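Novice: If you read the sequence shown in my numbering, its first letter stands for residue 1375, the second for the next number, and so on.
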Amino acid sequence: MTLYEQLGGTPEINKIVTLFYQNVVADPLLAPLFPEDITPVMEKQGQFLTQFFGGPPLYTSVHGHPRMRARHLPFEITKGRADAWLSCMRRALEERVPDASLRESVLERLSHTAYFFINTEG
Ligand code: HEM
């Protein structure tokens, strides 16, 4: 069973994403990177995580090849920001996903990607 199925599909992923960005815009390290209107970012993240976790390719069908590391290069991503990003996601998952081992699998998967996006020292 894919992480997508275990999480409950796109509707549940979108709920996690909404909570996640509430945490992001309240985080002093992350908030300055994001536009005032976070809604389009939320929508793209829901599409991306759907396919990243093994569901249908919603992001690619609308926006083309993700090239996610390249898309993040304009932003200074430090180890501290990657940790903050993962902490925002951990707290969102704790609110929506009761199964602790599922939460850990999701965070494990995301942490590889988050650390891979680090492009700035400090
Ligand atoms: C490591 C820490 C990370 C930081 C600081 C970060 C920051 C950002 C920022 C600033 C944007 C652009 C918002 C905008 O102006 O539109 C963005 C977009 C996005 N990020 Fe991240 N991000 C991080 C990690 C991740 C990870 C781990 C994923 C997925 C596994 C991810 C997925 C996305 C997606 C799907 C978008 C929208 C891309 C698009 O515009 O098409 N990010 N991120």
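Virtual Cβ for every residue (Gly too), placed ideally from N, Cα, C. All values reported here derive from a predicted model rather than from experimental measurement.
How would you call R1455, buried or exposed, if buried means at least 16 neighbouring beta carbons within 10 angstroms?
Specialist: Locating residue 1455 in the sequence shown gives position 81, where the first residue counts as 1. Buried, by the Cβ-count rule.
Novice: Threshold first: 4 residues or longer. Then list the alpha helix (DSSP H) segments lying entirely within the segment 1438-1486, N to C.
Specialist: Here the runs fully enclosed are 1442-1446 and 1453-1470.
Novice: With distances taken Cα to Cα, identify the nearest neighbour of L1467 among G1383, T1376, E1379 and I1387.
Specialist: Here the question's residue 1467 lines up with position 93 in the sequence shown. The residue with the shortest Cα to Cα distance from L1467 is I1387.
Novice: With respect to 6 Å, is the separation between the Cβ of K1453 and the closest non-hydrogen atom of the ligand HEM below this value?
Specialist: The sequence position of residue 1453 within the sequence shown is 79, counting from 1. The answer is no for K1453.
Novice: Alpha helix (DSSP H) containing F1422: first to last residue?
Specialist: Here residue 1422 is taken as the residue at index 48 of the sequence shown, counted from 1. Element bounds for F1422: T1413 to F1426.
Novice: Is DSSP giving L1354 helix, strand or coil here?
Specialist: No answer is possible for residue 1354: it lies beyond the span of the chain, which begins at 1375 and ends at 1496.
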